[in-house]
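At position 80 of the sequence shown the residue is numbered 1276 (my numbering), and the sequence of numbers has no breaks.
The C-beta atom is built at its ideal place from N, Cα and C for all residues, glycine as well.
Keep in mind it's a predicted model, so treat the numbers as computed, not measured.
What follows is a short report on a single structure.
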Amino acid sequence: MMKYLATILLVAAFAGTAYADGAATYAAKCKMCHGAAGEGTKMAPAPIKGKAEADALKAINEGKGKMKAVKIGDAAEVAKFVAGLK
Ligand code: HEC
């Protein structure tokens, strides 16, 4: 029983961190097209690092050109992360 409870708590703690961490979501959902530091890839050659937070948020929620909207719970955190990339 205690072991069972501990597992649930661990999973909950991990999920909580992932939700609050824009960097982790970026790595999971954006990096494959935009590169680890927003430098761009073959998929999306134009760098997005340092992009205005509002533009990044719009791209995530509504899509932009060839990019489809990305459904994530922490879009604002990810937009902040993108804007902070150098
Ligand atoms: C399947 C590949 C793909 C994924 C995944 C993807 N993007 Fe994009 N993204 C693109 C492409 C391609 C463009 C260029 C769109 C165009 O101008 O045609 C783009 C454009 C952008 C732009 C520029 C918008 C502007 O105003 O110029 C931002 C910011 C951006 N993406 C952020 C993100 C973020 C943040 C994520 C993760 C939540 C993400 N993208 C996931 C392919 C992707």
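Exclusion of the five residues before and after Ala1271 leaves Leu1253, Ile1256, Asn1257 as the residues of its chain whose Cβ lies within less than 8 Å of its Cβ. Relative to the non-hydrogen atoms of ligand 1, the Cβ of Gly1246 never comes closer than 7 Å to any of them. By the neighbour-count definition (other C-beta atoms within 10 Å, threshold 16), Thr1221 is a buried residue.
Bounds of the alpha helix (DSSP H) holding Val1278 are 1271 to 1280.
The beta carbon of Ala1279 lies closer than 8 Å to those of Gly1246, Lys1247, Ala1248, Glu1249, Ala1252 in the same chain, with the five residues before and after it left out. If you draw a 10 Å sphere on the C-beta of Ala1275, you find 16 or more other C-beta atoms in it, and that means buried.
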